[in-house]
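Report on the following structure.
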Amino acid sequence: LNASPGDHNVVLFFEMFEFSEETGGATSDVTGRIGSRVQMRVTGDYVERLAVQPFVVPQVRIGSDVPYELTISNTGNLDQRLSAAVVLFDRNRVEIARDEPMLATMVFADTDKKLEGVVSGGRPLLGRHVMQAEVYVVDEDGEIIPTTDPVVEMRDAWLVPVWAVVAALTLFASLIAWVLWSWRTKRKGTGSRGAGLADGRAGPQGEG
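Be aware that the sequence shown starts at 641, since it is given in the working numbering, and climbs by one per residue.
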């Protein structure tokens, strides 16, 4: 077996056959099938390498709920049991909210794990915030292994509360209405002055 170093998984299927008594050939009926996964570790150079790419967060978001998409890539040759969290911070790095889309889940060597979810701020938020994806190597009980460093990716997200959008639209509509009113008033005044000047010129010519 010329297997490369690292973890390998083999699935074995055990089948039960019931041979027909009426036939003398090799025909049979399958009456049961059980699958079993066997994990093997081939000695050699072990590589533990994790990455979070891509990590997609909207740059501008109306409201306090921020959706995200991320892919955890295990590009090493060892299976890793991982937990992941996505945390929303304000500009002072104070945690506002978090979502934990994966807890103590095995990610096999040379495979990807795609996750998505929403981090809810819970209150109106305004300005620049930071979304941070954190991936930890954990044991079977979900406890973080302290000898391993987490994988961290950060993205900026500008949050605008709904009330600010409504206020901006109201102000914009009021400005447009004022401009139209001013233009119509000015046009009406110009038309009245023009008519008065025309009447003034016509009066003396009619008497002559």
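Note that CB positions come from ideal geometry on N, CA and C, so glycine has one too.
In this text the structure is predicted, and so the values were computed from the model without any measurement.
- For the pair V758 and Y776, the Cα-to-Cα distance works out to about 19 Å.
- Taking C-alpha positions only, D739 is separated from R827 by approximately 59 Å.
- For I674, the closest C-alpha among the options F653, Q693, V791 and V682 is that of F653.
- Cβ-Cβ separation between I784 and V791: approximately 12 Å, too far for a contact (criterion under 8 Å).
- P694 is classed as exposed because its beta carbon has fewer than 16 other beta carbons within 10 Å across all chains shown.
- Under the three-state reduction of DSSP, L811 is assigned to helix.
- If you check the CB distance, A773 and V700 do not come in under 8 Å.
- Rounded to the nearest whole angstrom, the C-alpha separation of S676 and L710 is 31 Å.
- Assignment of beta-bridge partners to F729 by DSSP yields E735 and V770.
- Nearest to V805 by C-alpha distance, out of I712, D647, L765 and G716, is L765.
- Membership of V687 in any beta strand (DSSP E) is not indicated, and neither H nor E is assigned to it by DSSP.
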